[in-house]
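Right, one structure below, let's go through it.
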Amino acid sequence: MIKAIFFDLDDTLLYDQKSVKEAFAATCKVAEDRYGIDAGQLEEAVRAAARDLYSAYEFYPFTQMIGINPFEGLWGNFSDENLEDFKKMKVTVPSYRKDAWTAGLKKLGIDNPEFGYELAEQFPEQRKKSPFVYEETFDILDALKGKYQLLLLTNGSPELQNTKLEITPELVPYFDHIVISGDFGRGKPDPSIFNHALSLMGLQNDEVIMVGDNLMTDVLGANRAGIKTVWINRHDKEKNEVIPTYEIKHLEELFPILAEIKEK
């Protein structure tokens, strides 16, 4: 019998990809207005530069383990983190941001580090102004609250994930527990973070179900921990070797799955 539901945060309840896209669009528009360059091309160039720079840092393996992508590095400060790698990130990200934007501009023929810095400072502000929640999120949580225990299980830095929750404060009261990988010290798909979540709830792995958008973190990790999985695949992503228990396109499809499990 299912007693609790674990939810992923980014691109499951929060539309994080859209938030990042909007922040890029607004920031790149400043460059388009000033220099007449194409905002879309600049976004592409900055994303590529960010990926290249990020993957070269010594803390990159740590960010992969915790689950912090290059674009989160473009707006997080990592200021209240207690792990050594977070301290390194705090020192490095200001120059990382500036270098990524400066390199993106340079690719489009604009060699102006001061303007790169200006855009690098603007992007975090734009990201904070762009919180998007999927339309169905609150309806689903309203329907589940009280019937099931709810736990939020998210990869990322505590400061960054808590900022996302601060700018969408309506989400927090739904959850009995919020587990952030950067607090725990390991991220999905490591089964230990799922076992930690189970212990917080006082439940066995057959009493919960995990809902998330990422096969390689949410589904793989829950599978490893022996937890049933629901993969929300809103954008018709290709399947790979990781097999979820259930696949849905919309969170409302959770209800028949829960009813079906109840009847078994």
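Each residue of the sequence shown is one higher than the last, beginning at 356 in my numbering. In this text, a Cβ means the ideal position worked out from N, Cα and C, and glycines have one as well. From a predicted model like this one, the values you see are computed outputs, not experimental measurements.
Ser450 versus Phe417: straight-line alpha-carbon distance, rounded: Indexing the sequence shown from 1 puts residue 450 at position 95. Indexing the sequence shown from 1 puts residue 417 at position 62. For Ser450 and Phe417, the distance between alpha carbons rounds to 19 Å.
Proximity below 9 Å, CB of Leu408 to CB of Asp454: Counting from 1 along the sequence shown, the entry for residue 408 is found at position 53. Counting from 1 along the sequence shown, the entry for residue 454 is found at position 99. It is a contact, given that the beta carbons lie within the stated cut-off.
9 Å Cβ cutoff met for Met571 and Val534: By one-based count along the sequence shown, residue 571 stands at place 216. By one-based count along the sequence shown, residue 534 stands at place 179. It is not a contact, given that the beta carbons lie outside the stated cut-off.
Sub-9 Å separation of Ile357 and Val566 beta-carbons: In the sequence shown, counting from the first residue as 1, residue 357 sits at position 2. In the sequence shown, counting from the first residue as 1, residue 566 sits at position 211. No; because the gap between Cβ atoms is not below 9 Å, this pair is not in contact.
Between the CA atoms of Leu558 and Asp627 - distance to the nearest angstrom: Missing from the structure shown is residue 627; the chain here goes from 356 to 619 and no further.
Same chain only: Cβ atoms within 8 Å of Gly428, ignoring 5 sequence neighbours per side: Indexing the sequence shown from 1 puts residue 428 at position 73. Around Gly428: Ala405, Tyr409, Thr418, Met444, Val448, Tyr451, Arg452.
Test item: CB-CB of Ile616 and Lys583 under 9 Å: Position 261 of the sequence shown, counted from the first residue, corresponds to residue 616. Position 228 of the sequence shown, counted from the first residue, corresponds to residue 583. Taking 9 Å as the Cβ cut-off, Ile616 and Lys583 qualify as a contacting pair.
Local conformation of Leu507 per DSSP, three classes: Counting from one through the sequence shown, the residue named residue 507 turns up at place 152. Note: Leu507 maps to strand in three-state DSSP.
Environment of Glu618 [buried if 16+ CB atoms lie within 10 Å]: Indexing the sequence shown from 1 puts residue 618 at position 263. When all chains shown are included, Glu618 counts as exposed.
Which of helix, strand or coil DSSP assigns to Ala614: For the purposes of this step, residue 614 is taken as residue 259 along the sequence shown, with counting starting at 1. Helix.
Paired residues, beta bridge with Asp365 - DSSP: Here residue 365 refers to the residue found at position 10 when the sequence shown is read from its first residue. Answer by DSSP bridge pairing, in chain order: Leu369.
Range of the contiguous alpha helix (DSSP H) that encloses Tyr451: What you label residue 451 is simply residue 96 of the sequence shown in a count that begins at 1. Where Tyr451 is concerned, the enclosing alpha helix (DSSP H) stretches over 439-462.
Close Cβ partners of Ala458 (< 6 Å) along its chain, the five nearest in sequence each way excluded: Counting from one through the sequence shown, the residue named residue 458 turns up at place 103. Answer for Ala458: Ala404, listed in chain order.
Straight-line gap, Pro479 to Phe426 (C-alpha atoms, nearest Å): As a working mapping, residue 479 is identified with position 124 in the sequence shown. As a working mapping, residue 426 is identified with position 71 in the sequence shown. Going by the C-alpha atoms only, they are around 10 Å apart.
For Phe493, the nearest candidate out of Gly576, Leu526, Ala577 (CA to CA): Residue numbering aside, residue 493 sits at position 138 when the sequence shown is read from its first letter. For the residues Gly576, Leu526, Ala577, the minimum Cα distance to Phe493 belongs to Leu526.
Sufficient close CB pairs (3 or more, under 8 Å) joining the region 497-515 to the region 385-400: no
Reduced DSSP secondary structure (H/G/I, E/B, other) of Gly471: Taking the first residue of the sequence shown as 1, we reach residue 471 at position 116. Correct three-state label for Gly471: helix.
Nearest-angstrom Cβ-Cβ length linking Leu363 and Asp497, presumed shorter than 8 Å: What you label residue 363 is simply residue 8 of the sequence shown in a count that begins at 1. What you label residue 497 is simply residue 142 of the sequence shown in a count that begins at 1. One detail in the question is off: residue 363 reads as Asp in this sequence, not Leu. Asp363 to Asp497, Cβ: 19 Å. No contact.
Spatial neighbours of Ala378 in its chain, beta-carbon cut-off 7 Å, leaving aside the 5 residues before and after: Here residue 378 is taken as the residue at index 23 of the sequence shown, counted from 1. Result list for Ala378: Phe478, Gln481, Arg482, Ser485, in chain order.
Cβ-Cβ distance between Gly471 and Leu463 below 9 Å: Reading the sequence shown from its first residue, position 116 is the one you call residue 471. Reading the sequence shown from its first residue, position 108 is the one you call residue 463. Not closer than 9 Å, so no.
Residue environment, Asp388, which counts as buried when at least 16 other CB atoms sit within 10 Å: Taking the sequence shown and counting its residues from 1, the one referred to as residue 388 is at position 33. Exposed: under 16 other Cβ atoms inside 10 Å.
Span of the beta strand (DSSP E) around Val401: In the sequence shown, counting from the first residue as 1, residue 401 sits at position 46. Where Val401 is concerned, there is no enclosing beta strand (DSSP E), although the alpha helix (DSSP H) it sits in stretches over 394-411.
Proximal residues to Ala381 (C-beta, below 6 Å), its chain only, five neighbours per side dropped: As a position in the sequence shown, residue 381 is number 26, starting the count at 1. Hits under 6 Å: Gln481.
Met565 (DSSP reduced to helix, strand or coil): Mapped onto the sequence shown, residue 565 falls at position 210. If DSSP states are grouped into helix, strand and coil, Met565 belongs with the strands.
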